[in-house]
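In our numbering, the protein residues as written are 8 to 187.
The C-beta atom is built at its ideal place from N, Cα and C for all residues, glycine as well.
Please read all numbers here as calculations on a predicted model, not as lab measurements.
Remarks on the structure that follows.
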Amino acid sequence: MSILKVCRLGHPVLRMQSKRVPREALASPAIQNLIDDMMETMVEYYGVGLAAPQVHHSLSIAVIECHGPRGEIPMTVLVNPEMTILDESLLEDWEGCLSIPDFRGRVPRYARLRVDALDRHGNKVEFTAEDFFARVIQHEFDHLMGKVYLDRMRDLGTLAHMAEFERYWLPREKKAGSSE
Ligand code: NI
């Protein structure tokens, strides 16, 4: 397993729509190694999610894991995910992104959704997610569509560098931002 280089905003791959992974391609060592490396890279950089375009692969694959105050999400691999919004109410909360390092901003996200995807072995998975899990999924899904969280902010008035976020916003919010 290897820790991969994470590309930052401005790299064209972050703005491309990623390609679906054919089910039969999932068994290949290249794809299985990529998934393992994405997991290791996400953990190394304290992310709660990572999408393949962030490591220079324009493929519809995302990994998610969180153990912290914002939620408990076991390691989840989503291949070719599709989302159905189940609750159109929007919740606003802080997000960060490993491809936009050292920033935080408030982003509105749908409260509840259904996900249809393949797991890393090509099995169909279907589940509902809400609150923080739903937020992370929407953030990663956006990466697969060539979007980043800045595109979803209502305005850039809350965009904050990490030090200023911790100084001026965190005491008010009393919750940690995390990077997806
Ligand atoms: Ni991100």
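{"Asked": "Buried or exposed: where does residue 23 fall if 16 or more other Cβ atoms within 10 Å of its Cβ makes it buried?", "Found": "exposed"}
{"Asked": "Would the C-beta of residue 105 count as close to ligand 1, meaning under 7 Å from any of its heavy atoms?", "Found": "yes"}
{"Asked": "Given a cut-off of 8 Å, decide if residue 13 and residue 223 are closer than it, judged by their beta-carbon atoms.", "Found": "Nothing can be reported for residue 223, as the shown portion of the chain is limited to 8 through 187."}
{"Asked": "Could you tell me if residue 7 is buried or exposed, where buried requires 16 or more neighbouring beta carbons within 10 angstroms of its beta carbon?", "Found": "Any property of residue 7 remains undetermined from this structure, which presents the chain solely from 8 to 187."}
{"Asked": "Starting from residue 126, follow the alpha helix (DSSP H) in both directions and report where the run begins and ends.", "Found": "No alpha helix (DSSP H) contains residue 126, which DSSP labels as neither H nor E."}
{"Asked": "Buried or exposed, going by whether 16 or more other CB atoms sit within 10 Å of the CB of residue 75?", "Found": "exposed"}
{"Asked": "Could you tell me if residue 134 is buried or exposed, where buried requires 16 or more neighbouring beta carbons within 10 angstroms of its beta carbon?", "Found": "exposed"}
{"Asked": "Helix, strand or coil, according to DSSP, for residue 146 in the structure here?", "Found": "helix"}
{"Asked": "Where residue 25 and residue 154 are concerned, what is the direct C-alpha to C-alpha distance, given to the nearest angstrom?", "Found": "11 Å"}
{"Asked": "What are the partner residues of residue 155, as DSSP defines its beta bridges?", "Found": "Paired residue(s): none; residue 155 is not in a bridge."}
{"Asked": "Which first and last residues belong to the alpha helix (DSSP H) in which residue 69 is found?", "Found": "Looking at the DSSP string, residue 69 is not in any alpha helix (DSSP H); the run it does join, the beta strand (DSSP E), is 68 to 75."}
{"Asked": "Determine the burial state of residue 113: buried for a count of at least 16 other Cβ atoms within 10 Å of its Cβ, exposed for fewer.", "Found": "buried"}
{"Asked": "Less than 7 Å separating the Cβ of residue 168 from some heavy atom of ligand 1?", "Found": "no"}
{"Asked": "Closest to residue 118 by C-alpha separation, out of 157, 87, 103, 138, would be which residue?", "Found": "138"}
{"Asked": "Figure out for me which residue from 44, 47, 115, 33 has the closest Cα to the Cα of residue 102.", "Found": "115"}
{"Asked": "From this set, 92, 152, 89, which residue's C-alpha is nearest residue 65's C-alpha?", "Found": "152"}
{"Asked": "Could you say which of 10, 40, 46, 90 lies nearest to residue 144 if we only look at CA atoms?", "Found": "90"}
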